[in-house]
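The opening residue of the sequence shown carries number 8 in the working numbering; numbering runs sequentially from there.
Notes to accompany the following structure.
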Amino acid sequence: MSFQIELEQVLRLADRSEAYQRLAALYLNGPEELRDLIRAKWDFGVKWTYPNPQRLACRKNERYSC
Numbered sequence: 008m009s010f011q012i013e014l015e016q017v018l019r020l021a022d023r024s025e026a027y028q029r030l031a032a033l034y035l036n037g038p039e040e041l042r043d044l045i046r047a048k049w050d051f052g053v054k055w056t057y058p059n060p061q062r063l064a065c066r067k068n069e070r071y072s073c
């Protein structure tokens, strides 16, 4: 699947916390072209739900790993 399609799917996700996590993964694992696109178009005109920075390293009762 091309990263353009993956990005479009992320932008359409109803779960905005999941969308943010997937966008972060795309950014970290994608090619430079994708990272450039994400930086250039950020915030894509959509709402994002960010992780709680005080809980990022917690493993207990968290939906995502640190």
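Beta carbons are placed, not taken as given, at the ideal position from N, Cα and C, and that holds for glycine.
Distance check between Trp55 and each of Cys65, Ser24, Leu33, Ile45 places Ser24 closest, using alpha-carbon atoms only. For the options Ala21, Ser9, Ile12, the alpha carbon positioned closest to that of Val53 is the one of Ala21. For Leu41, the CB contacts under 6 Å within the same chain, skipping 5 residues up- and downstream, are Phe10 in chain order. For Val17 against Leu35, the beta-carbon gap comes to about 13 Å, at or over 8 Å, which does not count as contact.
Assigned with DSSP and collapsed to three states, Gln61 falls in coil, not helix or strand.
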